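Protein chains: 2
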Amino acid sequence: MLLRKADVVEGALKFLDTEGLDGLTMRKLGAALNVHGGALYRHFPNKAALLEAMANKLTEGVGAPLPEAPWRDQIYVLGQRFRAAMLAHRDGARLVSGTHATGANSITAGSLVVDVLCGTGLAPAQAGSLAFSLYYYVLGHTLDEQNQAHPPEGWQSSENQLASTLTPEYAEAIESLMHTDPAERFAYGLNTFIEGVASRIPK
Amino acid sequence: MLLRKADVVEGALKFLDTEGLDGLTMRKLGAALNVHGGALYRHFPNKAALLEAMANKLTEGVGAPLPEAPWRDQIYVLGQRFRAAMLAHRDGARLVSGTHATGANSITAGSLVVDVLCGTGLAPAQAGSLAFSLYYYVLGHTLDEQNQAHPPEGWQSSENQLASTLTPEYAEAIESLMHTDPAERFAYGLNTFIEGVASRIPK
DNA sequence: ACCTGAACACCGTTCAAGT
DNA sequence: ACCTGAACACCGTTCAAGT
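See below:
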């Protein structure tokens, strides 16, 4: 049974969920697809191209049309969409962060953010800059979430190591961070960012 | 001449500037230090431990005591310090992003941010959450800066590829992003974040 | 057009043996 | 205590040869 490009990408994303990005090897992925590792090079020039295609597939829906709503809600929805897309597969955020975001999907998503911000009266230069800032926040937050979900080998909770030697405020902050829902923390930071953007809008 | 742990870390950071993180191999680093690759395992249990020590050395000064100043200025200084530290060596941001920020330096820096924010009246839980948001922004921005400084092989400016098919606002945003100083964009985003934080302070 | 089988040039890591 | 020399189990990638 012959493989198509889309089959490889689909199989690779499935493989990601069971083995993780570190386990994703051309040979192992080939085996999972009943094919030798070298055969994958009929479909992709190299592994980086495969990973890019995977990242692009992962973020497919992020740039979908936005519902009519105030700009704050629209930006909020875009941030939530992006995070949800990356959380849909194990190591999704690391996958996206590794490929330089040249994919068509990230471009249309970025364009959406810029358009929404320009609609508030911001100049395109500032809107572009803030679109990237939003990207950094969402990506960074989701990366951390997924790293904690699959701790990479020997991992000591860094609280017990040093927190006691530091400020009590810091100890309490770490303690509380560990016990609150990541989704809640994500929304709090996202809304904080949005308020920062609001402060930039010419009145 | 025998090597000490600190010599290896120092040599590795020097090596980073000339060969980049992708070129940093235990064998090649050994050769640069006039030693076989395997000898490095007398000083570090594995490569990850070496990279972590490098990242820790890189971010050494970030947690230094802060000058007396309004909280906005203090947060601004911390963000600038962190970025400057990573820019000091090629691939510095990628190095830091790869090691799980368990290093002592990132902890004391994080503690500083939390303390400053708690000083404004924010609860430790919120301060901790915002400290991580700041971390994501600075790291993400600096990663992008360094990736563009050393484009990883075949890189097409993604503007000419697709921008023309999209919104004119987006095209203008990308165009302007390419022509403005990264330091200026960084400061703009950093101050925007700070304004967002300000909106969270109980009045 | 797609795949096999085998190779090439690398990796990180380990470990006896030397000094 | 630190290093050499050589090996082990992997990588990504290439390419003749098969179907």
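One line per chain: the protein sequences are A and B, in this order. 1 is the number of the first residue of the first sequence in my numbering; add one for each residue after it. 1001 is the number of the first residue of the second sequence in my numbering; add one for each residue after it. For every residue, glycine included, the Cβ atom is placed at its ideal position computed from N, Cα and C. Just so we're clear, the structure is a prediction, and the values are computed from it rather than from any experiment.
Query                                                                                                                                                                                                           : Result
Can you check which of these residues, A:172, A:57 and A:203, is closest to residue 1114 (chain B) by C-alpha distance?                                                                                         : A:172
Does any CB atom of chain A fall closer than 8 angstroms to the CB of residue 1174 (chain B)?                                                                                                                   : yes
Could you tell me which uninterrupted alpha helix (DSSP H) segments, each at least 4 residues in length, are contained entirely in the stretch 1051-1132 of chain B, listed from first to last along the chain? : 1071-1087, 1092-1098 and 1104-1119
Note down, in chain order, each residue of its chain lying with its Cβ closer than 8 angstroms to the Cβ of residue 1097 (chain B), except the 5 sequence neighbours on either side.                            : 1139 and 1143
Quick check: the stretch 36-45 of chain A against the stretch 61-81 of chain A, are there 3 or more CB pairs under 8 angstroms?                                                                                 : no
Chain A partners of residue 1166 (chain B), CB-CB under 8 angstroms?                                                                                                                                            : 107, 108 and 111
Could you check whether residue 1021 (chain B) and residue 1072 (chain B) sit closer than 8 angstroms to each other, using their CB atoms as the reference points?                                              : no
Just how far apart, CA to CA, sit residue 1194 (chain B) and residue 1126 (chain B)?                                                                                                                            : 14 angstroms
Please work out which residues of its chain come closer than 8 angstroms, Cβ to Cβ, to residue 1105 (chain B), disregarding the five sequence neighbours upstream and downstream, and give them in chain order. : 1056, 1059, 1060, 1062 and 1063
Is residue 92 (chain A) closer than 8 angstroms to residue 86 (chain A) when the C-beta atoms are compared?                                                                                                     : yes
Does residue 181 (chain A) come within less than 8 angstroms of chain B when only Cβ atoms are used?                                                                                                            : no
Compare the C-beta of residue 1192 (chain B) against all C-beta atoms of chain A and say whether one is closer than 8 angstroms.                                                                                : yes
How long is the line joining the alpha carbons of residue 1027 (chain B) and residue 199 (chain A), rounded to whole angstroms?                                                                                 : 52 angstroms
Of all the CB atoms in chain B, is at least one closer than 8 angstroms to the CB of residue 68 (chain A)?                                                                                                      : no
Are residue 191 (chain A) and residue 1100 (chain B) closer than 8 angstroms when you measure CB to CB?                                                                                                         : no
With a Cβ-Cβ cutoff of 8 angstroms, do residue 1124 (chain B) and residue 169 (chain A) count as a contact?                                                                                                     : yes
For residue 1216 (chain B), which residues from the same chain have a beta carbon less than 8 angstroms from its beta carbon, with the 5 sequence-adjacent residues on both sides left out?                     : Coverage of chain B is limited to positions 1001 through 1203, which leaves residue 1216 (chain B) absent and any answer about it impossible.
Candidates A:5, A:19 and A:145: which alpha carbon is nearest residue 180 (chain A)'s?                                                                                                                          : A:145
Just the chain B side, please: which residues come within less than 8 angstroms of residue 137 (chain A) by C-beta, in chain order?                                                                             : 1133, 1136, 1137 and 1140
Does the distance from the CB of residue 17 (chain A) to the CB of residue 89 (chain A) come in under 8 angstroms?                                                                                              : yes
Return no unless some Cβ of chain A is closer than 8 angstroms to the Cβ of residue 1188 (chain B).                                                                                                             : yes
Buried or exposed for residue 54 (chain A), please, with buried defined as at least 16 other CB atoms from any protein chain shown within 10 angstroms of its CB.                                               : buried
Hey, could you find the ends of the alpha helix (DSSP H) residue 13 (chain A) is sitting in?                                                                                                                    : 5-23
Name the chain A residues whose beta carbon is nearer than 9 angstroms to that of residue 1049 (chain B)?                                                                                                       : Within 9 angstroms Cβ-Cβ: nothing; residue 1049 (chain B) doesn't reach chain A, min ~10 angstroms.
If you follow the alpha helix (DSSP H) that residue 1203 (chain B) is part of, which residue opens it and which one closes it?                                                                                  : Careful: residue 1203 (chain B) lies outside any alpha helix (DSSP H) and carries neither H nor E.
How would you write the range of the alpha helix (DSSP H) that residue 191 (chain A) sits in, first residue to last?                                                                                            : 182-198
Is residue 1201 (chain B) buried or exposed, if buried means 16 or more other CB atoms sit within 10 Å of its CB?                                                                                               : exposed
Alpha carbon to alpha carbon, how far is residue 159 (chain A) from residue 1176 (chain B)?                                                                                                                     : Unreliable positioning characterises residue 159 (chain A) in this predicted model, as indicated by a pLDDT of 44, which lies under 50. A coordinate reading is not provided.
With distance defined between alpha-carbon atoms, name the residue in B:1040, B:1178, B:1166 and B:1013 nearest to residue 107 (chain A).                                                                       : B:1166
Can you list, in chain order, the residues of its chain with a C-beta nearer than 6 angstroms to that of residue 110 (chain A)? Leave out the 5 residues immediately preceding and following it.                : 131
Using a Cβ-Cβ cutoff of 7 angstroms, what residues of the stretch 1065-1095 of chain B are near chain A? List them in chain order.                                                                              : none
Identify the contact partners of residue 177 (chain A) in chain B, using a Cβ-Cβ distance below 8 angstroms as the criterion.                                                                                   : 1125, 1128, 1129 and 1132
Taking the alpha-carbon of residue 1118 (chain B) as reference, which of B:1019, B:1009, B:1188 and B:1075 has the nearest alpha-carbon?                                                                        : B:1075
Span of the alpha helix (DSSP H) holding residue 1032 (chain B)?                                                                                                                                                : 1026-1032
So which residues of chain A does residue 1197 (chain B) contact, with C-beta pairs closer than 9 angstroms?                                                                                                    : 192, 195 and 196
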